[in-house]
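Protein chains in written order, with numbering that gives the first Met the number 0: chain A, 0 to 358; chain B, 0 to 358; chain C, 0 to 358; chain D, 0 to 358.
Don't be surprised by glycine CBs; every beta carbon is placed ideally from N, CA and C.
Number of protein chains: 4
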Amino acid sequence: MKAIVVKPHQPGMEVKDVNIEEKVGKGQVLVKTLYTGVCGTDRGIVGNKLSFTRPQEGWSELILGHEAFGQVKEVGEGVKELRKGDYVVPVVRRGCGVCLNCKIGKQDFCETGNFVEAGIRGKNGFMREEFVDDEIYLVKVPEAIKDIAVLTEPLSNVVKAIEEVMHIQQRMVWNCEDGAYDCRNAYVVGTGPIGTFFSLLLRTYGFNVYMLNRRDPSPAEEYVSTRIEAEFVNTTKGVDHLPKADIIVDTSGFPSAFVPLMHKMNKNSILVLFGTQTGDKVQIDADLVTFMVENNIAVVGSVNANKWHFKSAVNYLTMWKEKYGDLLNRMITTVVTPENAKEILENKPKGEIKSVIKW
Amino acid sequence: MKAIVVKPHQPGMEVKDVNIEEKVGKGQVLVKTLYTGVCGTDRGIVGNKLSFTRPQEGWSELILGHEAFGQVKEVGEGVKELRKGDYVVPVVRRGCGVCLNCKIGKQDFCETGNFVEAGIRGKNGFMREEFVDDEIYLVKVPEAIKDIAVLTEPLSNVVKAIEEVMHIQQRMVWNCEDGAYDCRNAYVVGTGPIGTFFSLLLRTYGFNVYMLNRRDPSPAEEYVSTRIEAEFVNTTKGVDHLPKADIIVDTSGFPSAFVPLMHKMNKNSILVLFGTQTGDKVQIDADLVTFMVENNIAVVGSVNANKWHFKSAVNYLTMWKEKYGDLLNRMITTVVTPENAKEILENKPKGEIKSVIKW
Amino acid sequence: MKAIVVKPHQPGMEVKDVNIEEKVGKGQVLVKTLYTGVCGTDRGIVGNKLSFTRPQEGWSELILGHEAFGQVKEVGEGVKELRKGDYVVPVVRRGCGVCLNCKIGKQDFCETGNFVEAGIRGKNGFMREEFVDDEIYLVKVPEAIKDIAVLTEPLSNVVKAIEEVMHIQQRMVWNCEDGAYDCRNAYVVGTGPIGTFFSLLLRTYGFNVYMLNRRDPSPAEEYVSTRIEAEFVNTTKGVDHLPKADIIVDTSGFPSAFVPLMHKMNKNSILVLFGTQTGDKVQIDADLVTFMVENNIAVVGSVNANKWHFKSAVNYLTMWKEKYGDLLNRMITTVVTPENAKEILENKPKGEIKSVIKW
Amino acid sequence: MKAIVVKPHQPGMEVKDVNIEEKVGKGQVLVKTLYTGVCGTDRGIVGNKLSFTRPQEGWSELILGHEAFGQVKEVGEGVKELRKGDYVVPVVRRGCGVCLNCKIGKQDFCETGNFVEAGIRGKNGFMREEFVDDEIYLVKVPEAIKDIAVLTEPLSNVVKAIEEVMHIQQRMVWNCEDGAYDCRNAYVVGTGPIGTFFSLLLRTYGFNVYMLNRRDPSPAEEYVSTRIEAEFVNTTKGVDHLPKADIIVDTSGFPSAFVPLMHKMNKNSILVLFGTQTGDKVQIDADLVTFMVENNIAVVGSVNANKWHFKSAVNYLTMWKEKYGDLLNRMITTVVTPENAKEILENKPKGEIKSVIKW
């Protein structure tokens with residue numbers, strides 16, 4: 000079948016026929032791929048910038064693709080819930096089977112590091128016409144959101160991060176006087192798909208959201224921020240007018256982007272680190288540490304998501320589609336065929352929020 | 000009565016008679032001060048290095064002292080539990096009465112900043128022969144630990160920090176296979192009284208504890224680390240041999256002390272910021288941020304303690320006295336009279352773990 | 000304006016003009032009522048069966064109605080989020096202002112009992128053409144669900160109960176091997192609107208849901224259970240074939256309905272008490288207590304909901320509308336005018352799931 | 000060696016020589032038994048009243064004893080912490096290895112039921128001169144409490160129950176205005192060793208404790224209740240004078256003992272079921288269910304304890320010994336030799352709180 004493959008640790012990618020013999024075993028289903036999304040990790044692998052990528056055992060090449068959406072074509076013996084025709088999204092990371100978190104379905108907190116991730120490390124991905132997977136790693140998706148369900152995977156990571164935040168912040172009373180979060184302010188640094196999802200999710204919790212970038216908004220960003228009643232802030236024009244932040248989410252990975260904002264953090268607030276980068280540096284001093292101590296400030300780095308977060312992500316997409324109409328469709332700014340995937344895998348299209356491949 | 004007073008924002012201190020007319024009102028008791036402890040904050044006030052100190056409303060001077068232990072001399076009307084002769088430790092911070100955390104007894108998470116702290120800001124402290132206080136702010140202490148109960152206040156802050164850690168780390172499974180924490184490693188940076196308490200408390204939880212300093216241990220530190228089965232580590236000789244840290248506690252306040260240790264942090268680990276300093280700087284880069292993201296690393300700044308933590312601290316002191324004998328007595332390295340307090344308030348005695356004033 | 004009023008502790012109700020002078024004060028808005036729902040509590044008040052009902056201070060009559068949905072007509076000074084034209088649902092219970100839970104927006108856990116509830120006790124309700132309310136007690140609703148938003152209030156109570164369950168069950172690992180709840184079984188006793196909402200919500204969490212009643216399903220129930228992939232169980236035909244229950248929710252209030260099911264409870268399971276009744280009795284014995292002890296079984300009675308639960312309920316309704324189409328519309332089995340409200344307030348229409356009044 | 004053995008499902012017991020060849024394997028230690036405690040379960044096995052008891056695989060008899068305290072005699076290869084001479088208490092239950100709770104060290108919440116319990120079911124117990132055990136199941140005990148450490152096991156179960164209570168009650172704000180629990184009232188039904196431990200532990204949390212029995216206190220009970228500042232209540236004289244209960248702990252197992260107290264439960268309160276009995280019956284009605292619903296009342300059955308609870312129990316014993324002196328020694332009302340164990344295993348000594356065998 001047709002697939003998009005890379006040779007780990009060599010730049011470049013190829014659309015080609017691969018010969019995979021996958022039998023639908025016990026508890027497994029065959030999924031026809033409908034859409035796969037493209038993100039910075041995919042481009043990092045294609046550009047040979049990610050040291051941790053590696054092929055599946057016994058393979059020299061890696062089939063790319065971890066953001067996927069498909070439809071069940073065939074159901075194996077012993078499958079409990081899924082039926083032919085059901086729409087599904089696969090979970091990316093598969094646990095090590097050894098550490099306690101992996102043993103109870105929290106492989107996003109794998110402690111050994113011996114997990115595999117489809118399309119990234121140790122396991123073929125979903126950029127191919129079809130794939131066989133265990134039912135246990137597939138999340139059912141309502142037909143109503145089949146046009147946007149390819150967004151599930153990136154959103155799942157955001158859901159996990161915010162779930163952690165809400166847990167951590169129960170170290171004290173963080174809700175407002177009315178029991179909700181309408182009095183709380185969030186800065187989201189970076190306005191790509193991840194920044195947009197953080198903004199959407201925090202708005203859903205009730206936070207006043209400020210979407211921060213070092214420039215004015217693109218028309219798509221303008222639309223999104225207006226529609227969800229968030230404020231887009233061009234930080235080069237200053238942030239002094241903003242109220243203190245109860246949460247800052249960094250999706251940029253640049254310490255030079257978020258460290259200068261930290262003096263705006265409110266007492267008991269939290270900084271979420273989500274972006275990963277290289278090459279940027281910034282100086283911190285003892286006064287910043289003292290500030291964090293005296294104000295009970297927390298920081299949390301968050302990566303990946305487990306099946307529960309995928310399920311929640313599907314629920315949020317469904318809810319937002321009803322509430323916001325085509326807002327999420329507008330986030331999908333480019334759709335290409337597998338044959339044309341090279342153009343979006345090697346370069347980021349101008350004005351992109353999310354680019355996807357239609358299979 | 001005799002008291003130790005400072006003029007906020009002027010260096011120096013004075014032992015003198017103050018004329019305080021305190022009546023034992025409803026729900027209040029009169030406490031005869033037995034011991035008060037001295038810490039860096041007291042010396043900071045005396046040395047005019049702390050900008051936030053201020054006298055009680057209507058006063059030009061401030062009576063110093065926030066680490067105290069005393070005995071009930073007189074009981075006011077409506078007092079519920081306390082009786083004449085009971086030993087007590089007073090809580091330091093009194094809430095703003097406005098924010099939600101202060102309303103439910105969590106003034107250590109006061110959000111307005113409009114709290115007062117006895118002996119520090121806005122309220123006279125306990126370095127005086129006796130004081131009147133509300134029963135609600137007094138924690139009863141068993142007679143058995145009357146010789147060490149002056150350590151309650153510093154320990155209470157440590158209890159609060161570790162309580163937060165244990166809450167935050169429930170974001171995943173952090174315990175070991177046997178349900179306890181014996182497989183976990185803790186680095187404690189700084190070996191003063193706070194570092195010692197963190198080490199004691201983490202050992203009590205079962206952690207393997209490494210007490211880190213930039214020098215070899217003093218005899219007292221040698222004794223303590225051996226007695227509690229922790230390992231004293233002179234970091235100038237390298238830390239490569241240490242196992243990865245599941246928790247790092249910084250009690251130094253110097254980013255140059257703890258940032259270089261962060262590459263030793265295990266997946267899902269946590270860094271506790273407790274020390275406050277000025278003048279130290281260090282560079283952090285995007286790789287460190289990426290490391291924190293990909294390993295789900297958390298950081299928490301922690302300050303102060305509420306009554307619950309004081310009560311827990313009393314329980315820990317009681318338990319440790321039974322278990323470790325005179326270990327805690329040995330932490331009190333200097334005892335002076337009020338008349339001689341100047342020497343320990345203006346200078347740190349050599350080999351000090353904790354200096355106290357006996358009233 | 001037109002309103003539906005009762006004289007507490009006298010049977011009957013009246014649709015009549017009431018003369019209310021409500022000014023839109025600071026932080027308040029004027030809401031035009033669009034729909035009000037009717038439940039057992041309303042009928043209990045009309046039938047003079049609820050001892051706790053009482054009029055608002057200064058009134059001899061009580062305006063009925065606690066399940067409401069309306070549209071903002073006028074916005075007072077100092078209102079932050081709401082705009083004219085916004086759709087809203089009001090929270091029912093207003094806290095005592097004294098106990099700690101009410102102080103932090105958790106009036107559903109009011110400890111003094113000195114709360115008021117609109118349309119039930121101490122506060123006029125929403126069965127009138129318009130009402131003034133504080134913004135803080137109004138939850139904004141997306142226009143997309145304006146046809147079903149009257150269901151928010153009953154659902155909010157269900158959301159609160161399940162939120163409690165999910166909290167309580169974190170006393171151990173309750174999720175399945177894959178991190179979700181698809182391996183867990185729920186019995187929901189009673190198939191009215193509340194039972195239906197519990198079934199919907201538990202299905203959303205992934206539970207296998209069994210909807211239990213003492214009879215075969217009505218066509219509406221048949222439709223609902225099929226649509227959400229739950230199994231309707233006529234308990235008069237036996238429950239031996241059901242798998243063990245991880246959660247049993249009783250919405251009936253009859254101990255004779257749920258106690259005989261308790262032997263089917265799995266280890267670590269939980270029983271939710273939600274229904275309120277009188278006149279039913281059942282015998283329990285020491286063996287049942289022993290069974291609960293040895294299997295770590297929990298029980299929780301749950302009542303009311305706070306603003307956070309109302310907000311969540313709005314999100315669930317929005318999501319379910321996208322996912323299930325007109326399923327929720329079908330739950331509204333009767334719509335009458337205020338003039339004809341008597342017929343649904345004095346008697347339960349045949350085949351009713353939810354009856355509402357259109358204003 | 001000498002051991003106390005039973006033939007499961009036959010009444011009676013025997014002190015005799017057993018021929019056990021236990022080698023100290025990897026990660027194991029040999030423990031010399033110092034004390035074993037006797038409780039209702041032991042007497043139930045000896046009296047052939049417990050259906051679930053069974054011998055270890057390959058055995059026809061069962062060595063009795065699950066409450067033990069001993070000293071390490073020999074240390075196997077790969078043992079990490081324990082040294083020869085260390086004092087230890089063994090954990091009773093060993094997990095099934097299959098369910099998620101057992102996989103993470105929470106075998107007290109085993110879901111399959113396929114655990115074994117030393118001296119009770121499927122595993123030889125500790126009523127013998129020495130035993131080999133895995134280090135992972137042994138909890139180190141400070142020498143200071145070697146005279147009372149045999150109380151660890153019964154206390155561990157109480158610690159687990161209260162840990163659950165404190166978790167469950169975080170469904171709302173349960174602490175008092177000062178952040179502690181001094182405003183809360185606890186009824187403990189039953190004044191045996193378990194009731195006494197609940198009373199001690201709840202007092203330590205700050206609760207006002209009422210120790211309830213159907214008779215006046217024995218001298219030992221009088222001493223204990225006075226010493227810990229709890230009130231002993233003879234319920235046959237009425238309970239109307241007691242303040243409302245925030246927690247009721249039943250250690251009796253008789254529903255006729257605790258159900259009649261439930262009308263005294265405060266809003267948001269919790270009932271802990273700990274006792275197991277047979278043969279007692281009581282009627283409950285819909286009004287009680289309604290009361291539990293409208294007041295958010297929870298119930299939790301609690302059984303067993305894991306290693307973490309054993310460690311906490313050791314800490315509490317240590318702390319209480321320092322605080323209360325010989326209070327805990329006085330709880331050990333009878334000490335016999337193995338040869339005389341029959342008298343305390345077949346009959347409960349008059350005035351017993353805890354009977355133990357000295358090896």
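- Contact of ILE103 (chain D) with chain A by beta-carbon distance below 8 angstroms involves LEU99, LYS102 and ILE103.
- By the criterion of at least three beta-carbon pairs nearer than 8 angstroms, the stretch 188–198 of chain C is in contact with the stretch 241–260 of chain C.
- Looking from the CA of ARG214 (chain B), the closest CA among B:PHE231, B:GLU345 and B:ASN207 belongs to B:PHE231.
- Among the residues facing chain A, LYS83 (chain C) is not included, as its CB has no counterpart in that chain under 9 angstroms away.
- Around SER301 (chain B), the same chain offers ASN156, LYS159, ALA160, GLU163, VAL271, LEU272 and PHE273 as residues with beta carbons nearer than 8 angstroms, after the five sequence neighbours per side are excluded.
- For ALA340 (chain B), the three-state secondary structure derived from DSSP is helix.
- Chain A has a Cβ within less than 9 angstroms of the Cβ of GLN282 (chain B).
- Here GLU56 (chain A) is exposed. Its C-beta has fewer than 16 other C-beta atoms within 10 Å.
- For THR35 (chain A), the pairing in a beta bridge is given by DSSP as A:ALA67 and A:ILE356.
- Between VAL91 (chain D) and GLU60 (chain D) the beta-carbon gap is near 19 angstroms, outside 8 angstroms, which marks them as no contact.
- The stretch 133–179 of chain D contains, as complete beta strand (DSSP E) runs of 3+ residues, the segments 137–140 (chain order).
- Take the alpha-carbon of VAL23 (chain D) and the one of ASP85 (chain D): they are about 16 angstroms apart.
- The alpha carbon of ASP239 (chain B) has as its nearest neighbour, out of B:TYR222, B:LEU260 and B:ILE227, the alpha carbon of B:LEU260.
- Residue pairing for PHE231 (chain A): DSSP places it in a beta bridge opposite A:MET210.
- DSSP lists A:ASN207 as the bridge partner or partners of ASN184 (chain A).
- Residue environment analysis places GLU220 (chain A) among the buried positions, since at least 16 neighbouring C-beta atoms fall within 10 angstroms of its C-beta.
- The beta carbon of CYS109 (chain D) falls within 9 angstroms of a beta carbon belonging to chain C, placing the residue at that interface.
- Residue pairing by DSSP puts PRO89 (chain A) in a beta bridge opposite A:LEU137.
- At a cut-off of 9 angstroms between beta-carbon atoms, SER301 (chain A) makes contact with chain B.
- Among the residues of the stretch 307–332 of chain B, those with a Cβ less than 7 angstroms away from any Cβ of chain D are TRP307, LYS310, ASN314, THR317, MET318, LYS320, GLU321 and LYS322, in the order of the chain.
- For LYS310 (chain C), the enclosing alpha helix (DSSP H) stretches over residues 306–323.
- Using a Cβ-Cβ cut-off of 7 angstroms, ASN295 (chain B) is close to PHE108, GLY300, SER301 and VAL302 of chain A, given in chain order.
- Within the same chain, Cβ atoms closer than 6 angstroms to the Cβ of HIS65 (chain C) are found at VAL91, ALA117, GLY118, ILE119 and GLY124, the five residues on either side in sequence being excluded.
- The continuous beta strand (DSSP E) containing LEU270 (chain D) extends over residues 264–272.
- Taking 8 angstroms as the upper bound on Cβ-Cβ separation, chain A lies near residues VAL172, ASN174, CYS175, GLU176, ASP177, GLY178, ALA179 and ASP181 of the stretch 157–185 of chain C.
- Going by C-alpha positions, MET171 (chain C) is about 10 angstroms away from HIS166 (chain D).
- Counted as a single uninterrupted DSSP element, the beta strand (DSSP E) harbouring VAL335 (chain A) occupies residues 331–335.
- Only ILE135, TYR136, PRO141, ALA143 and ILE144 from the stretch 133–145 of chain D bring a Cβ to less than 8 angstroms from some Cβ of chain B.
- With contacts defined as CB atoms closer than 9 angstroms, ALA148 (chain D) and LEU29 (chain D) fail to qualify as a contacting pair.
- Taking a C-beta distance under 9 angstroms as the contact criterion, ALA185 (chain C) and ASN207 (chain C) qualify as a contact pair.
- From the beta-carbon of GLU80 (chain C), the residues of chain A found nearer than 7 angstroms are ASP181.
- Contact between THR35 (chain A) and PRO7 (chain A) does not hold, since the beta-carbon distance rounds to 18 angstroms and is not under 8 angstroms.
- Interface flag for THR203 (chain B) against chain D is set, since a Cβ pair is found closer than 9 angstroms.
- In this structure, A:TYR204 is the residue among A:TYR204, A:ASP279 and A:GLY278 with its C-alpha nearest to the C-alpha of ILE246 (chain A).
- When secondary structure is reduced to three states using DSSP, GLY300 (chain D) falls in the strand class.
- Residue range 285–293 is occupied by the alpha helix (DSSP H) that includes ASP286 (chain D).
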